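Position 91, counted from 1, in the sequence shown is what this note's numbering calls 93; the numbers after and before it change by one each time, with no gaps.
Note sheet for the following structure.
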Amino acid sequence: MSEDISPAMEGWEYRPDKVTARKIKGRNAKDKIQMRIELGLLQMEAEGRPDGKRPYGKESLLDYHLSRLEQYKTSHGTTRGFELSKSDCEKLYEEAVQYYHRYLSLFSLKDYPGVIRDTDRNLRAHNLVLRYAADERYKTAFSRYIPYIIMMNTKAKASISLEKKDYEKALKQTKLGMERIDDFFQSLDQSELSKESEEIESLRELAQEIRKKKPLTHLEELNIELEEAVRRENFEEAARLRDEIKELQGKN
């Protein structure tokens, strides 16, 4: 069998301006995720660790280190003294990149539950390093990515709500995402970063898009009609609309 992967990419052009991905069935009939990259493609498992490996018999290195942490706590009665070495942090970073590629692919495929699963996982990995890395440099390196992961997690949650046309829930989720990023910056004593955060700005723009899509309530429609009646100096109609608005507000 030829090892040339060109046939797999035929008709599937690389787009530098967007993530391009697809789901396929592997030889074992299991779903695989493929991401198109400039010089080829990345193929990932749809579930579990993207490369399909099970380090130390666990689903991921994160799960392995979490089990180590639990064993340490059981033995010592505390987590104080537990550390992640330089090698541990580097390997956790490499693993997180795999999940990053997959959740970007899943987002482009509108598999939002999968995005939530993988971003939640990466947040746990990053928080583990922030708490237990022996080298402060790794804490700094991992902390840079947390706002982005929260943003993607938030967008996936809001997208699910939008599919259900639950605009209010989508707006609440977007607001909560912005607050989570702001809280993270405050935890680092860097609250000023919230003002220049691209992630917060992206979520703010998403909230604006949601408001535009959100159908007007009957009360909002009446207020627009009232403004139009006043503009046209149709005071009789304006008075009727005010009465209707007042009655509706009383019921609410």
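Ideal Cβ placement from N, Cα and C applies to all residues, glycine included.
Only a predicted model underlies this, so the values are computations on that prediction, with no experimental measurement involved.
Top-ranked residue by Cα proximity to GLU12, from LEU43, GLY28, LYS34 and LYS32: Minimum Cα distance to GLU12 is reached at LEU43.
Cβ-Cβ distance between SER110 and THR22 below 8 Å: The answer is yes: Cβ separation under 8 Å.
Any alpha helix (DSSP H) of 4 or more consecutive residues that is wholly inside the segment 38-85: 63-78
8 Å contact criterion, which LEU125 and PHE144 should meet: CB distance rounded: Contact between LEU125 and PHE144 is absent: CB atoms are separated by about 10 Å, not below the 8 Å threshold.
C-alpha distance - GLY54 paired with GLU97, whole-angstrom precision: 11 Å
Bridge partner(s) assigned by DSSP for ASP33: LYS27
Stretch-stretch touch, CB-based, cutoff 8 Å, three pairs: the segment 18-35 with the segment 81-94: no
Range of the contiguous alpha helix (DSSP H) that encloses GLY179: Residues 169-189.
Beta-bridge partners of ALA135, as assigned by DSSP: Residue pairing for ALA135: DSSP places it in a beta bridge opposite LEU86.
Alpha carbon of LYS38 to alpha carbon of GLU15, nearest angstrom: It is Arg, not Lys, that sits at residue 38 in the sequence shown. Near 8 Å, if we compare the C-alpha coordinates of GLU15 and ARG38.
Length of the line joining the Cα atoms of TYR169 and GLY50: 32 Å
Cβ contact (3+ pairs, closer than 8 Å) linking the segment 148-160 and the segment 181-194: yes
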